[in-house]
Structure formats: C-alpha cells, structure tokens
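Residue numbering for the sequence shown follows the working numbering, starting at 539 and increasing by one per position. No residue lacks a Cβ here, since even glycine has one placed at the ideal position from N, Cα and C. Predicted model, so just to flag it, every value in this text is computed and none were measured. Okay, structure first, notes after.
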Amino acid sequence: VLRSTVPDPQHAISVPLFDGWEASTTPQHSTVYLGNGRYTCADGNQCIRGQFSIEKDTIQGATAKAAADTAMPVYAGQIFSGVTSHTDSGSGSITVAGVSGYATRWHIRTSDGTQGYVVLAAVPARGGGYVVFEGGVDDDPAAPDASVLDQILWGIKQDGSAGSST
C-alpha cells in the first residue's frame, strides 16, 4: 500500500514509499534511499531485507542496456557479499518517470547460501550518461516480495520542479 512519496530534487522526481519501507537520510552516493526490514546478519553486521536507491552520479554506456549490464555486477556485489551465481529474472526495457531505459534483473546466490533479487535500471539523463535506479530484496519469507522493486520504479513520477530531470 502506497504510504507517501519521497522527493528527489536533483532528478525532479518523486519516489513512492510503500508501507513497511522507510526513507533514510541519504547516503553520500544517493539522492533517495529506501529501506525495509533491518536485522542482524550471520556475520554480526546490520543487514536489511529490502533496499532501493537512486544514484547521485550518472554512469556511462553506449546504450541503457550496456550501462545497466555493466553496473549490475558491482551493485549486486555491494548489497550481497560473495555473489557466486546469478540468473536473469526478467531483464528488459522499462519506463521510469516517462523516460525509456533498461532494467537488468537478477536472482543471485551467495557463497553462504543467501539468495536475493536485484534490479538496476539505467535511464538517460539530461546532459548525458544514465541515471541509476537500483534495489534489492532478500529471497526470504521475512523480506518484501521482489515485485515491490518494479512497483517503486513504475511509481516514480516527474514532480515538475526545477532540476536536472532524468
């Protein structure tokens, strides 16, 4: 259930915030960061069942697909340490805030047996490069359903304010 929206002034968009998700103070690399389900991992560190963020900096690529496919292994490895394998879970074209791009979607497995879903969407940015929208959820009964990542992407809207639109 949609609870509210979170503004992203840099990209002149608003991002849907669903029940169970919290908007956090944005880390230095993100304009928006959403999280769901904090818990203590097996290694004693703090983990999160679901996350979604929008990067401040654009990435380069010959196409949106090339940009997303190149960035995905790095991002997947940042949120799921020790990725040992992945399968495609429906990669393809996507429209975010009215702009066509590409979303790479993986189901991953890690060295400790953890499984999860990761999405990384690249959408052309005004001024060149690609804006990166990225998210992941654990493949676990306590985690949000993986479909919420696409619900967030599809729910992003232009907010009409000044800024460097997507």
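Length of the line joining the Cα atoms of residue i and residue j
| i | j | result |
| --- | --- | --- |
| His549 | Arg587 | 26 Å |
| Leu658 | Glu672 | 4 Å |
| Pro679 | Val612 | 26 Å |
| Gly575 | Phe556 | 13 Å |
| Phe590 | Gly674 | 7 Å |
Same chain, Cβ closer than 7 Å to residue i, five either side skipped, listed in chain order
| i | result |
| --- | --- |
| Ala602 | Gly639, Tyr640, Ala660, Val661, Pro662 and Tyr668 |
| Asp697 | Pro545, Ala550, Ile551 and Ser552 |
Proximity of residue i and residue j at Cβ, strictly below 8 Å
| i | j | result |
| --- | --- | --- |
| Trp644 | Ser619 | no |
| Gln598 | Ala606 | no |
| Arg647 | Ser629 | no |
| Ser562 | Ile592 | no |
In DSSP terms, what residue i is bridged to
| i | result |
| --- | --- |
| Phe618 | BP columns for Phe618 are empty, so no partner. |
| Ile586 | Arg576 |
| His567 | Note: His567 sits in no beta bridge, so no partner. |
Cβ neighbour criterion (16 or more within 10 Å) applied to residue i
| i | result |
| --- | --- |
| Ser703 | Residue placement at Ser703 is poorly supported in this model, since its pLDDT is 46, which falls under 50; the coordinates still yield a value, given next. By the 10 Å Cβ count, Ser703 comes out buried. |
| Gly582 | exposed |
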